[in-house]
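Only one structure is covered here, and it is reproduced in the block below.
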Amino acid sequence: MNNIELFLVSIGISFFYFKLVLGFVFSFLITFISIPVIIKISRRKNLIDEPGSRSSHLRKIPNLGGIAIFFSLGVCAPIFAYELFDRYKFLFASFIILFFVGIMDDIMVLRAYKKLLAQALVSILMVVGSDVRIRSIFGLFGVYEINYYISIAFSILTFIILINAFNLIDGIDGLAGSYTIATSILFGISFFRLGPANDPLVILCAIIIAASFAFLFYNLSNKRNAKIFMGDTGSMILGFLLAFTGISFIEIFIQKRDEVFYHLQSAPVIAVAILILPIIDTLMVIITRIYHGKSILSPDKNHIHHKLLNLGLTHRRSTAYIIGYYLIIIAVAYSLRHLNVNYLLIIILFIGFLGAYLPIFLLRFKN
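Residue numbers (this note's numbering): 8 to 374.
Dropping the structure here:
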């Protein structure tokens with residue numbers, strides 16, 4: 008124990024709760040204080056997101072909110088969840104790479120392949136360098152342990168898909184931030200229940216939640232000079248962290264299988280349920296583009312939030328619908344967590360697609 012920990016123990020305060028509370032508070036304050044400065048500089052230097060054909064906003068808005076999120080995570084995580092950076096050697100390097108690429112894209116607009124290369128590099132660093140990978144899928148499709156090389160390829164692909172999928176849902180006010188908060192709360196509670204060895208992951212989730220809360224104060228603001236978007240800087244970093252926490256969640260049950268421990272056979276499907284929103288949204292868009300004979304990479308307005316806006320819902324109501332439906336899926340997944348893993352996956356995907364296509368059916372009925 009270090010001196011601070013010994014002192015806290017001597018006065019009856021848990022060192023874990025001390026780091027948890029301070030990490031949350033400082034993360035919130037750093038983000039909350041940084042964003043007005045970023046907005047001011049963005050407007051002065053004309054670093055503004057211009058409304059385009061696929062935009063859901065009609066006026067110029069600064070899109071560098073991800074800088075504040077990165078600043079908060081970059082300061083608080085190494086201080087209050089420092090064990091993670093000992094355990095995962097390339098975690099901080101991945102932060103830096105995604106921040107650099109994200110901010111370049113927000114300012115200059117990079118070509119898609121350049122962002123993809125950076126995402127692939129980060130994924131390789133984490134999967135190969137830090138050994139953050141999916142080793143087993145617990146009997147899903149009849150598969151248990153995964154071959155090492157297949158595991159590496161599958162895990163790298165999972166990171167890349169989730170980073171990009173999260174970026175795609177960042178299309179209306181409040182959605183990306185609210186989804187990050189909900190997801191981090193679910194993973195944070197799970198890590199807390201799974202034992203003290205996961206305390207650094209709990210603190211990381213708390214830091215992410217606090218930064219996202221502070222960001223939402225401005226992202227949902229009705230004041231003209233106070234509004235900001237997270238941009239690719241924020242969406243790529245948060246998408247990366249959600250992929251990281253999701254894979255870590257599955258990994259815990261693999262590590263504890265042979266111990267006297269609560270083993271959840273459906274852990275991979277529960278992780279899918281928690282990350283269902285970007286997964287379903289991306290799959291729905293791909294299916295729609297293929298159905299209409301378009302390239303799966305062609306931009307369009309077929310995302311769930313676009314359909315809700317077409318129904319006449321505001322950004323806030325669209326976000327409320329999506330997050331509300333998402334929580335229903337989580338409740339169903341948790342209630343049926345002891346069901347056969349394959350049946351549970353079918354149920355979760357069915358409910359997910361039903362919620363995604365419901366706005367399309369309502370729009371057709373309305374027309």
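Ideal Cβ positions, reconstructed from N, Cα and C, are used throughout, including at glycine.
Euclidean distance between Cα positions of residue i and residue j
i: leucine 361; j: glycine 319; result: 20 Å
i: leucine 175; j: tyrosine 332; result: 18 Å
i: arginine 94; j: glycine 253; result: 16 Å
i: leucine 132; j: asparagine 154; result: 19 Å
i: tyrosine 120; j: tyrosine 24; result: 43 Å
i: asparagine 70; j: phenylalanine 102; result: 19 Å
i: asparagine 229; j: leucine 245; result: 24 Å
i: valine 139; j: leucine 128; result: 14 Å
i: alanine 363; j: isoleucine 215; result: 26 Å
i: lysine 301; j: arginine 118; result: 20 Å
i: isoleucine 358; j: asparagine 317; result: 22 Å
i: phenylalanine 148; j: histidine 345; result: 16 Å
i: lysine 26; j: isoleucine 40; result: 21 Å
i: histidine 299; j: aspartate 239; result: 28 Å
i: proline 366; j: threonine 321; result: 14 Å
i: serine 34; j: leucine 80; result: 7 Å
i: serine 21; j: glutamate 90; result: 17 Å
i: phenylalanine 106; j: arginine 231; result: 26 Å
i: isoleucine 297; j: isoleucine 287; result: 15 Å
Cβ-based neighbour list, residue i, same chain, cut-off 8 Å, excluding 5 preceding and 5 following
i: valine 32; result: Ala217
i: leucine 29; result: Phe87
i: isoleucine 45; result: Pro69, Leu71, Gly72, Ile74, Ala75 and Ile235
i: tyrosine 156; result: none
Exposure of residue i, with buried meaning 16 or more beta-carbon neighbours within 10 Å
i: asparagine 226; result: buried
i: leucine 124; result: exposed
i: isoleucine 235; result: buried
i: valine 108; result: buried
i: serine 248; result: The residue asked about is misnamed: residue 248 is leucine in this sequence, not serine. Its Cβ being crowded by 16 or more others within 10 Å, leucine 248 is buried.
i: isoleucine 18; result: exposed
i: asparagine 53; result: exposed
i: proline 207; result: buried
i: methionine 115; result: exposed
i: phenylalanine 368; result: exposed
Own chain partners of residue i with C-beta closer than 7 Å, once the 5 adjacent residues on each side are dropped
i: phenylalanine 161; result: Ile141 and Ile153
i: lysine 122; result: Val108 and Asp112
i: serine 49; result: Ile55, Pro69 and Leu71
i: isoleucine 259; result: Leu201 and Asn205
i: isoleucine 5; result: Residue 5 falls outside the range modelled here, since the chain spans only 8 to 374, and no answer is possible.
Own chain partners of residue i with C-beta closer than 6 Å, once the 5 adjacent residues on each side are dropped
i: valine 150; result: Ile144
i: alanine 278; result: Gly253, Phe256 and Ile257
i: phenylalanine 372; result: none
i: methionine 291; result: Ala363
Cβ pair residue i, residue j closer than 8 Å
i: alanine 75; j: isoleucine 42; result: yes
i: lysine 96; j: serine 158; result: no
i: alanine 183; j: threonine 289; result: no
i: threonine 326; j: isoleucine 179; result: yes
i: isoleucine 163; j: valine 134; result: yes
i: leucine 351; j: serine 273; result: yes
i: phenylalanine 78; j: isoleucine 37; result: yes
i: methionine 237; j: aspartate 307; result: no
i: isoleucine 311; j: alanine 250; result: no
i: phenylalanine 220; j: isoleucine 196; result: no
i: isoleucine 293; j: tyrosine 186; result: no
heavy atom of the ligand MG below 7 Å from residue i C-beta
i: isoleucine 329; result: The ligand MG is absent from the structure shown, which contains no ligands of any kind.
- Task: Please confirm if the region 272 to 287 is in contact with the region 321 to 340, defined as three or more CB-CB distances below 8 Å between the two stretches.
- Result: yes
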